[in-house]
Every structure is written in structure tokens, then in C-alpha cells.
Amino acid sequence: MRIKNVFLSSFFQIPIYTTMTKTSFIDKVLQILNEADASITGGQMVGSDNTSVAVYIEKLFPAAWRRAVKLFPRSWFITKSFADQTIIVDAPDGTGYVLLPTDFLLLSSFKMKGWKENCLTAFEETPAINKKQSNEYLRGTVQRPVCVFRYISYQNTLRQALYYYSLPRTADATTHIVETALYIPNVTEMGANIEINYQGIEPLAYLCAATVLSSFEKDAAAKVLESKILEMM
């Protein structure tokens with residue numbers, strides 16, 4: 003396991019990320035599974051068939067990762083920028099949207115130039131939200147910007163987009179400049195290394211173990227592990 007990006011300043015601390023190999027992470031999850039199942043049922047789930055269970059761990063890791071992104075602090079995850087994605091501007095309306103990358107999972111931070119603060123969350127579109135944001139007197143402002151997720155057809159492909167409604171009306175589309183655009187990417191398979199803030203590696207291993215136990219319908223053991231995760235956060 004390797005720790006990187008350690009830096010302190012008088013103003014802030016950059017997150018400290020841990021890199022753990024796939025093999026080491028799977029071994030950690032196997033150990034948790036053995037201990038959890040032995041304490042609940044009196045017998046080990048893994049036993050001598052480590053290879054078979056390791057396959058399940060790897061297969062279910064993406065599902066565990068997506069759960070982790072919803073449960074853990076966003077600062078525990080490495081982010082990527084989508085500032086270079088296609089932006090469609092409606093300058094006279096003071097609105098526009100940015101196409102999201104195909105591996106987009108969770109918004110971390112978004113800010114257009116001129117906004118007084120970042121958008122840290124976005125709403126899934128609903129008729130009520132769309133109606134409100136279409137009203138220039140009710141929509142978000144540069145002081146309190148609002149963003150909305152919407153699926154659109156772009157070049158004959160269904161794409162997810164991030165709509166923003168909070169810039170002044172103008173005839174100059176060049177004033178619509180993305181200043182910050184960060185997201186947590188989705189994970190579709192376990193890579194050679196697992197990277198997360200050093201505080202998150204243990205809870206992630208427990209969450210992965212709980213996900214495996216649930217897949218084996220060992221819900222009692224899974225709930226015990228999930229309760230331990232809450233204690234770690």
C-alpha cells in the first residue's frame with residue numbers, strides 16, 4: 003500500500019490518497035469475510051475456496067464503489083475535470099448546459115465564471131424544477147446558482163447534461179465560461195490498484211465485504227459490517 007499526495011499549507015490540507023493493489027485489497031476483504039461470517043454463523047464462509055470468493059469480490063466491487071460514493075465524504079475520492087466538455091449556451095436567456103462524460107457518477111463541484119459560489123449538488127429534473135428554473139424571477143442567481151441533471155439527445159445519442167440557470171442575460175455567448183467542473187467517475191471494473199483517501203480504504207473494504215455477503219443472502223452478517231462502517235466515519 004502506498005500513500006501519496008501529502009502536503010500541508012497554512013491554509014488547507016490536500017487529501018492524502020492511498021493506493022492499494024487489487025490483490026492486497028481482495029485479501030483484506032477475504033479476511034473481513036472470514037471474521038464476519040465466523041462471528042455470526044460459527045463457520046467461515048471462505049474456508050479453503052479463496053479463489054472462488056475472490057471472483058465474487060472483484061465482480062461486485064463496482065457495486066460497492068457506487069455505494070461508497072453515496073455514503074462516504076466526497077473528499078475521500080479522486081476527482082476528474084469535465085471543464086473541457088461540450089457547452090451549449092443560450093446567452094440571451096442566461097442559461098446553458100454542459101455535456102457530462104460517459105463515466106460521470108457524482109458531481110463534486112461546478113462553477114461558472116461570475117458565480118459567487120460553487121454548485122456542490124444538482125437536482126434531477128422534474129416538471130416542477132424545470133418550471134421554476136424556466137422563470138427568470140424564481141430561478142437560481144449568481145449568489146445562489148442552481149444546476150439540474152437532464153438527459154438529452156445529442157448527435158443521435160442519449161447523453162446526460164448538467165443545465166445551469168444562473169447567469170445574467172446577455173448577447174455575448176463568450177461570457178459563459180466554465181471555471182470549475184469536477185466529478186467523481188464511475189467504476190465499472192476493479193482496476194490493478196484501488197485509490198481512495200487513506201481514511202476510506204478500511205470502510206471500502208468492509209462495504210465490499212458486506213456487498214458480497216448480501217449477494218450470498220447472509221443479510222445478518224452484512225448488516226453487522228455496515229454498522230461497523232458507520233463507526234469508522
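Count along the sequence shown from 1, add 2, and you get the number used in this note's numbering.
Ideal Cβ positions, reconstructed from N, Cα and C, are used throughout, including at glycine.
{"Asked": "Just to confirm the assignment, what range does the alpha helix (DSSP H) spanning P129 have?", "Found": "129–135"}
{"Asked": "Hey, is Y166 close to the ligand NAD, as in C-beta under 6 Å from one of its heavy atoms?", "Found": "The ligand content of the structure shown is nil, which means the ligand NAD is not present either."}
{"Asked": "Taking Cβ positions, are A199 and W78 nearer each other than 7 Å?", "Found": "Correcting the residue type first, residue 199 is Asn in the shown sequence and not Ala. Yes, the pair counts as a contact, with Cβ atoms nearer than the cut-off."}
{"Asked": "Just list the residues that DSSP pairs R146 with in beta bridges.", "Found": "R146 pairs with nothing; no bridge assigned."}
{"Asked": "For the putative contact between I89 and G98, defined by C-beta atoms under 8 Å, what is the C-beta separation to the nearest angstrom?", "Found": "6 Å"}
{"Asked": "Could you tell me which of Y156, Q135, S155 sits nearest to D146, measuring between CA atoms?", "Found": "Sequence check: residue 146 is Arg here, not Asp. Comparing Cα positions, the closest option is Q135."}
{"Asked": "Note down, one range per segment and in chain order, each alpha helix (DSSP H) of at least 4 residues found wholly within the region 196–229.", "Found": "203–217"}
{"Asked": "Would you identify the three-state DSSP class for E191, choosing helix, strand or coil?", "Found": "coil"}
{"Asked": "Could you tell me the alpha carbon to alpha carbon distance between Y208 and D105, rounded to whole angstroms?", "Found": "24 Å"}
{"Asked": "Please state whether DSSP places T177 in a helix, a strand or coil.", "Found": "helix"}
{"Asked": "Rounding to the nearest angstrom, what Cα-Cα distance links P64 and I28 in this structure?", "Found": "13 Å"}
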